[in-house]
Every structure is written in C-alpha cells, then in structure tokens.
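This report concerns only the one structure given below.
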Amino acid sequence: MPVPARRTAFAVVLALAAMGLSAPAATAAPGSTPPDSFWGDTGAIPPAQNVLTVKVLNRTNGKYPDDQVYWSFNGQTHSIAEQPTVDMGANSSGRMNFFLGSPEGKYTDFIEFTVGDHVFNGNTTRVDAFGLKLAMRLHSRDGFDTQVGDDYETFQQDRAATFARFQSEVPDEFKGLAQGQDRILAPGKSPDFQPGGKNENYFTDYARSAGVNETTGNIAACAGSLAQAADKCAALNRHTADLPVGQQQNPAHFYQAAPANYYAKFWHDHGIDNRAYGFPYDDAAGQSSFVSHNDPQWLEVAVGW
C-alpha cells in the first residue's frame with residue numbers, strides 16, 4: 453500500500469476555500485498549549501468540600517451561549533449558566549458528558565476519570581469518536597498544573613474548518629469517518645473497517661507480517677486477541693510492528709508509513725503536546741491524554757465548537 457502524500461498547509465487552505473471558509477489566524481501552532489487567558493480566572497474557582505472542584509468552560513467562540521452548553525454527571529444535568537461547577541467526590545470509572553444546544557443535542561462528547569480520596573486520574577478520549585473539542589487543565593495543591601486535550605489552534609477554528617482539515621490530512625481510507633459535521637468516528641467503530649466493509653483488509657497483510665492474525669476492526673479497536681496485548685496493538689496502529697522491539701515505542705517512528713491509524717495521528721498532530729487517546733492502547737509509551745496527580749484542587753474542562 454503506498455504511503456499517502458504529505459499534506460501541506462496550502463492544501464488545507466485550498467480545502468477551506470472550496471467550502472467558502474477562511475483559514476484560522478496564525479496565532480497558534482499545532483500542538484500548542486492554551487494560554488492562561490483561555491482558562492479564565494482560576495482564583496475564583498470555589499474550593500471543594502469533597503475531593504476537587506470541576507469547572508466547565510464555554511469555549512465555543514460565541515457559537516453557543518452559556519445557557520446552551522450543558523454538562524451531565526452522576527444524574528445531574530445543568531447548563532453552565534445554571535451551574536458551572538461540580539464539587540466532585542471519589543468515584544470509580546466516572547464519565548462527564550457535554551452537550552451543545554440541548555441535553556439531547558447531537559453535538560456531544562465526554563471525559564472519563566476515576567477519582568480517589570486524594571487523587572485524580574482522567575483523560576479526554578477519541579477512542580470512540582470526535583464529537584466536541586475538549587481540553588482539561590488539572591491543578592493540584594502542590595503546584596502541579598497540566599493541560600491535555602485538543603490544542604489551542606483547534607479551539608480557535610470553526611467546526612467546519614476542523615472537519616475540512618481532517619479531510620485534507622488523512623488518506624482516502626479515513627475520509628469517510630467524518631459523519632457530515634456531526635462527528636468523526638474512530639476506525640474501530642466504523643463499518644468501513646469491519647468485516648465486509650470497504651477497508652476490511654486495511655491492516656490485515658501488515659498484521660500477518662508481524663505474526664498477528666486479526667481483523668482490521670479488531671486491530672483499530674485493540675479487541676479480540678489484541679485486547680490483552682497493549683504494546684502489540686499500539687505498534688500495529690502506529691506502523692512500528694516491523695521495527696525491532698526496542699524501537700517500536702519511539703514516537704519518532706510513529707505513523708511514518710501506511711497502513712497506520714491516521715485517525716489517531718490526526719488527533720495527536722492537533723493535541724496539546726501532541727498527546728491524544730486515539731485508540732484504546734494509545735497510553736503505550738505515554739502518548740495519551742491521560743493525567744494523574746495526588747491532592748487535586750480543581751479541574752477545568754473547556755468545551756469547544
């Protein structure tokens with residue numbers, strides 16, 4: 453399978469122009485971290501009575517007012533106009549969902565986490581799909597402060613521009629993952645990459661050359677025989693399975709040839725510090741958007757359009 457041609461910034465501009473859109477202002481680069489101003493006045497975040505305070509931010513660039521940006525957690529659903537913060541206690545395998553327009557709206561996404569009595573573990577995720585632009589900033593009482601999720605450049609873009617960029621930067625097999633401008637499916641969730649789909653054999657020959665007899669769908673989803681083989685599944689998705697074992701988890705070698713999970717690559721290219729959860733074992737080699745720290749004070753979640 454030929455290696456897809458390198459996509460250029462000029463190609464992105466052409467794609468946007470074809471849709472009647474302009475390119476975003478060159479105020480941020482791919483992988484860029486949002487500035488402090490993006491996160492607002494963190495000093496005004498109310499102290500938690502439980503483990504930490506979670507504050508949800510409207511970063512839709514005026515597309516939706518605060519009373520149309522919703523969060524849902526533990527049986528509660530509110531707009532951020534009604535209640536922008538949650539005093540979060542310990543929980544296991546938690547999920548906070550976000551919606552634009554209405555709590556039943558089609559524009560939705562989520563973060564996931566486990567919160568202990570004195571620790572936060574959590575991440576943004578693209579394992580199933582992209583639905584909304586999301587970024588998290590975790591701050592702990594010892595001064596630890598970190599950000600993960602979609603980069604600042606992506607938040608500055610209109611949704612149509614982000615979808616156009618996806619179409620411009622991924623090879624043909626992955627373009628159909630975009631469902632209009634509602635969401636972008638992960639290949640492991642797309643019928644195109646399942647048995648009987650048009651891309652059912654995308655990974656199979658490469659996987660067999662690495663001693664793995666699995667379907668393309670199971671490779672993209674780290675399922676079947678790969679469910680307990682994190683490093684092997686990561687190597688197949690990143691196209692490093694043909695390298696010596698000692699080189700397979702070196703990010704310099706990731707996504708350098710096809711077949712590879714170019715959906716995941718896109719979110720890494722446009723994630724803060726190039727970290728993302730593009731497939732289930734994207735935490736191999738520490739490349740995911742997972743963050744963990746003791747004694748958390750607050751977590752901000754930015755929701756974009």
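Residue numbers for the sequence shown follow this note's numbering, beginning at 453 and rising by one.
Ideal Cβ positions, reconstructed from N, Cα and C, are used throughout, including at glycine.
- Scanning the region 582–638 for uninterrupted alpha helix (DSSP H) segments of 4 residues or longer gives 604–608, 611–621, 624–627, listed from N- to C-terminal end.
- Using a 10 angstroms sphere on the CB of Lys684, the tally of other CB atoms reaches 16 or more, which defines it as buried.
- Per DSSP, reduced to three states, the secondary structure at Phe565 is strand.
- Rounded to whole angstroms, the Cβ separation of Ile497 and Thr537 is 7 Å, and the two are in contact under 8 Å.
- Per DSSP, Asp721 is not a residue of any beta strand (DSSP E); the alpha helix (DSSP H) it occupies stretches across 714–721.
- Taking C-beta separations shorter than 8 Å and ignoring five residues to either side along the sequence, the partners of Phe742 in its chain run Asn573, Gly574, Asn575, Val600, Tyr729, Asp735, following chain order.
- Judged by DSSP secondary structure, Tyr707 falls outside any beta strand (DSSP E); it is assigned neither H nor E.
- Annotation: Ala638 to Ala716 spans about 8 Å, alpha carbon to alpha carbon.
- For a cut-off of 8 Å, the C-beta gap from Ser592 to His745 is around 5 Å, short enough to register as a contact.
- Shown here, Ala754 sits in a strand according to DSSP, grouped into three states.
- Inclusion of Glu666 and Trp491 in the CB contact set at 7 Å is not warranted, their separation being larger than that value.
- Around the CB of Asp603, 16 or more other CB atoms lie within 10 Å, so the residue is classed as buried.
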